[in-house]
Amino acid sequence: MKVTYNWLKEFVDIKISPEVLAEKLTMAGLEVVSLEKFSEDYIFEIEITTNRPDWLSVIGIAREVAAITGKKLKLPQLKGTRHKIQGTRHKAPGSRLPLEVKIEDKAGCPRYIGRVFDNIKVKPSPEWMRNRLESVGLRPINNIVDITNYLLFETGQPMHAFDYDKIEEGAIIVRRAKTEEKIITLDAEERTLDNSILVIADKRKTVAVAGIMGGKNSEVSETTKTILLESACFDPALVRKGSKKLALATDSSYRFERGVDLNTVLTASERAAKLIKEFAVSLGAEAGGMLKDAGTKTQKEGKIFLSSEKTSSVLGKKISASEIKKILEGLGFGVSTKAKGNFEVKVPFFRRDVERDVDLIEEIARLSGYENIPLSLPALKEPGAIVREPGERDLKGETKNILLSLGFNEIITHSLISRLFLEKTNFSPDKIAIRVTNPLSAEQEFLRPELTPSMLNTISHNSKRKTEDLRIFELANIYKNEEGKIKEEVSLVLCLTGKRYFDWKRKVEEVDFYDLKGVLETLLLRLGVRDIVFHPEESPLFSRRYSLGLRIKDKELGFMGEINEEILKNFDLGKKIYLATLNLNAVFSFVRKDERYEPVARYPYISRDVSFIIDASVSYDTLLKFFRQDPSELIKEVNLVDVYFGKNIPPGKKSLTISVKFQSPERTLRDEEVEAIDSRLRQGLIKEFAAQPR
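One gets this note's numbering by counting positions in the sequence shown from 1 and adding 2 to each.
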């Protein structure tokens, strides 16, 4: 919104410089993004928030300036423009000018005022008006169009002038467009309309798209002798839909979309009548004017009760009753005192953003100055706040931070999902899911019993938009039906898909199953969860080859694997997806709270590789448990080095190489004691697993 310093001075007696005014406006919430010198004036460009359509006018901003500076707002005098005037038609002197206004869509057009002016001479506007329009970025056209544009900026009320002689029988009808109805708008473009768009029509044709742009077939030209001036209020949602559908945005639609003041419809029309009489009437003739005002004439003002005690409490500083009244009245509110320090505040129609007493308190804070509100530290403990005991950990937060540090991004999805999503992931909704009694839609029928369906849908959404390299997770609650009882759990799902990025020296590779396994091991290790066992576990989610369960002792923690091809097809996915899901309630129960720092060992370690052939059915976790149960306390690490199937290995067998690290925190180990343990391990493998040494 652009406005000039001298234009504001017509409504407020401003004594401060433009620079100081710009700063005061910004501090009050009207951010001045630029201030430029223009001829003998200054142009303010102000960022207007969507909830303040009243600021889309010079008068609206002047009202703020008056309240900020403590001055009085001076509005234009409209005396002598409110009565109906009988006019003469230029083609038949002395005859009455007919005017009919009919509103068929009263919801789409609450109020419509039409005025007919005869004896009009279309010519250039006065120089001062042309200069002012140019200063706010508008191109002068002629006196009639310039007056409507000038008042659009001054009052915030869009108006439109029709050539009266091009309106059939002087009739204006506000209605919905007919399907496939067409109009050529003032920009010379033919546009196809439908029933969702509000139009202005006469008895034979459409002459304007309501609130957006007039039609070429009723345009004011140099030959125009009589005009019909429109001033109306249109439904913001309807104008916005029409503007978007037609890809047509104007200064008028911008204001109608945000809402215009129902009362300004009349005052702007009266102001226009005064300017038309002054600058557009043929020399020596009187301006005729027949006024028709259809629709709602007045709007009931809202009422809010406000106490000075609450105002001072919310702001943290003492605000006197007199200061409250002065600020609110300066902003156009009606204030009456009901009791000591209590007010009944009438909210004008142009302030539809104000609904509660806290909205009024915000207005008081703006005008008294945010910078004058004292700083204070927040209370250490508030009712309902989460207070942790000393040493208690935020395990959810730690989990998120660990995954973020591993290159993952967090997603947040809706806790209500559809039956289709559950069935796509091979879950039976009627067995485990809790159905909402009155779902808003089929997409929100069930409380989610798993995070997996939403995760796969998110991956599908990204994949269709060519974003395929993903490392994402979600940590949220899930809800299950277990024997008629609702069970709520904290769940984690994480996913890897796409490319694994290394440094520039190495080629780009696809992520695999073991990347995900490494992420899980790192996450659990950093949380302090030990003795995790990965074991083969079939799941309807995963392929048979890559499907594992996670457990500690006899407690299942979750599952991980490669999503099977059937589910990938259900979600229109082509790439391999590796996914894990954890029950965090179970995981957190195994978090070790007694961990202590251990210094790095001073003495060297000795490493031995044990290679052998064993039945393919024996899992690595079983072998890991075997190595860890050795009575020696010198075994510090056991790692799988190599797995081999193929040539020279019998069917049903596999070749493994396991590296064992031996170390003592107290001394340097001797070769002979390491050899003794190594020999015992090899003999144990032969005895328990029928292993064949290699």
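Ideal Cβ placement from N, Cα and C applies to all residues, glycine included. Computed from a predicted model, the values in this text were never measured in an experiment.
Determine the extent of the beta strand (DSSP E) in which Leu658 is found, giving its start and end residues.
Residues 655 to 664.
Could you check whether Val35 and Glu47 sit closer than 7 Å to each other, using their CB atoms as the reference points?
Cβ distance < 7 Å, so Glu47 and Val35 count as in contact.
Is the number of C-beta pairs between the segment 664 to 684 and the segment 634 to 642 that are closer than 8 Å three or more?
The segment 664 to 684 vs the segment 634 to 642: in contact.
Leaving out five residues on either side along the sequence, give the residues of the same chain with a beta carbon under 6 Å from the beta carbon of Pro392.
The predicted model places Pro392 with a pLDDT of 47, which falls under 50 and marks its position as unreliable; any figure quoted below should be read in that light. Excluding positions up to five away in sequence, the list is empty.
List the whole-angstrom C-beta distance separating Asn8 from Asp43, where the pair is believed to meet the contact cut-off of C-beta under 8 Å.
Going by Cβ atoms, the distance from Asn8 to Asp43 rounds to 5 Å, so yes, they are a contact pair.
Per DSSP, which one or two residues make a beta bridge with Pro538?
In the DSSP output, where bridge partners are listed per residue, Pro538 has Leu550.
Suppose contacts are defined by Cβ-Cβ distances below 7 Å. Is Lys4 in contact with Gly139 by that definition?
Their beta carbons are under 7 Å apart, which means Lys4 touches Gly139 by this criterion.
State the DSSP-derived secondary structure class of Met405, mapped to helix, strand or coil.
The question names Met, but residue 405 is Leu in the sequence shown. Helix at Leu405.
Taking contact to mean at least 3 C-beta pairs separated by less than 8 Å, is the segment 445 to 454 in contact with the segment 481 to 491?
Enough Cβ pairs lie closer than 8 Å, so yes.
Buried or exposed, going by whether 16 or more other CB atoms sit within 10 Å of the CB of Asp432?
Exposed: under 16 other Cβ atoms inside 10 Å.
Are Leu642 and Ile616 close, meaning C-beta to C-beta below 7 Å?
Going by C-beta atoms, Leu642 is not nearer than 7 Å to Ile616.
Tell me, to the nearest whole angstrom, how far the beta carbon of Ile122 is from that of Ala275; I am working on the premise that it is less than 8 Å.
That pair is no contact at about 12 Å.
Check whether chain D comes within 7 Å of Asp253, counting only Cβ atoms and requiring the distance to be less than that.
Given the protein chain composition of this structure (a single chain), no chain D is represented.
By a C-beta neighbour count over all protein chains shown, 10 Å radius and 16 as the cutoff for buried, is Gly62 buried or exposed?
Gly62 comes out buried.
Using only CA atoms, which one of Glu280, Tyr256, Thr339, Ala179 lies nearest to Thr208?
Checking every option, the nearest Cα to that of Thr208 belongs to Ala179.
Whole angstroms is fine: what's the gap from Lys327's alpha carbon to Arg421's?
Near 57 Å, if we compare the C-alpha coordinates of Arg421 and Lys327.
Near Asp196, which residues of its chain fall below 7 Å by C-beta distance, leaving aside the five closest residues on each side in sequence?
If we look at Asp196 and ignore the five residues flanking it on each side, its Cβ neighbours are Ala179, Thr181.
Assuming contact is defined by CB atoms lying nearer than 7 Å, are Gly560 and Asn587 in contact in what I supplied?
Not in contact: Gly560 and Asn587 (Cβ atoms no closer than 7 Å).
If you draw a straight line from the alpha carbon of Phe13 to that of Leu154, how long is it in whole angstroms?
Roughly 16 Å separates the two Cα atoms.
Are the CB atoms of Glu567 and Phe475 nearer to each other than 7 Å?
No.
Could you say if the segment 527 to 542 and the segment 551 to 558 meet the contact criterion of at least three C-beta pairs nearer than 8 Å?
Touching, per the Cβ criterion.
Determine the extent of the beta strand (DSSP E) in which Ala239 is found, giving its start and end residues.
Element bounds for Ala239: not the beta strand (DSSP E) but the alpha helix (DSSP H), 238 to 248.
Express the C-alpha separation of Pro78 and Arg273 in angstroms, rounding to a whole number.
Distance between the alpha carbons of Arg273 and Pro78: 8 Å.
Quick one: does the C-beta of Pro431 sit closer than 6 Å to a heavy atom of the ligand COA?
Summarising the ligand content, the structure contains no ligands, and the ligand COA is consequently not present.
So, helix, strand or coil for Ala692, using DSSP?
DSSP places Ala692 in coil when its eight states are reduced to three.
Please tell me whether Thr349 and Val337 are closer than 7 Å, where the distance is taken between their beta carbons.
A quick correction: the sequence has Val, not Thr, at residue 349. No, they are not a contact pair.
On the criterion of 16 or more Cβ atoms from any shown chain inside 10 Å, does Val356 qualify as buried, or is it exposed?
Flag for Val356 reads buried.
Can you tell me whether DSSP reads Thr339 as helix, strand or coil?
Looking at Thr339 - three-state DSSP - the assignment turns out to be strand.
To the nearest whole angstrom, what separates the beta carbons of Ser59 and Pro160, a pair I think is in contact under 8 Å?
No, Ser59 and Pro160 are not in contact; Cβ-Cβ is about 11 Å, not under 8 Å.
Is DSSP giving Ala198 helix, strand or coil here?
Looking at the sequence provided, one finds Ser at residue 198 rather than Ala. The answer is coil: DSSP assigns Ser198 none of H, G, I, E or B.
Where does Ile488 land, buried or exposed, given buried means 16+ other C-beta within 10 angstroms?
By the neighbour-count rule (16 or more Cβ atoms within 10 Å), Ile488 is not buried but exposed.
Taking just the CA atoms, how far does Thr583 sit from Ala435?
Ala435 and Thr583: Cα-Cα distance of roughly 17 Å.
Can you check which of these residues, Leu658, Gln631, Glu364, Gly158, is closest to Ala613 by C-alpha distance?
The residue you asked about is not Ala; residue 613 is Ser in the sequence shown. Comparing Cα-Cα distances from Ser613 to each of Leu658, Gln631, Glu364, Gly158, the minimum goes to Leu658.
Take Arg1 and list the residues in its own chain whose beta-carbon comes closer than 6 Å to its own, dropping the five residues that flank it on each side.
Missing from the structure shown is residue 1; the chain here goes from 3 to 696 and no further.
When you compare only the Cα positions, how much space is there between Arg368 and Thr415?
Their backbone Cα atoms lie some 37 Å apart in a straight line.
Between the C-alpha atoms of Ile375 and Lys320, what's the straight-line distance to the nearest angstrom?
Computed Cα separation, rounded: 10 Å.
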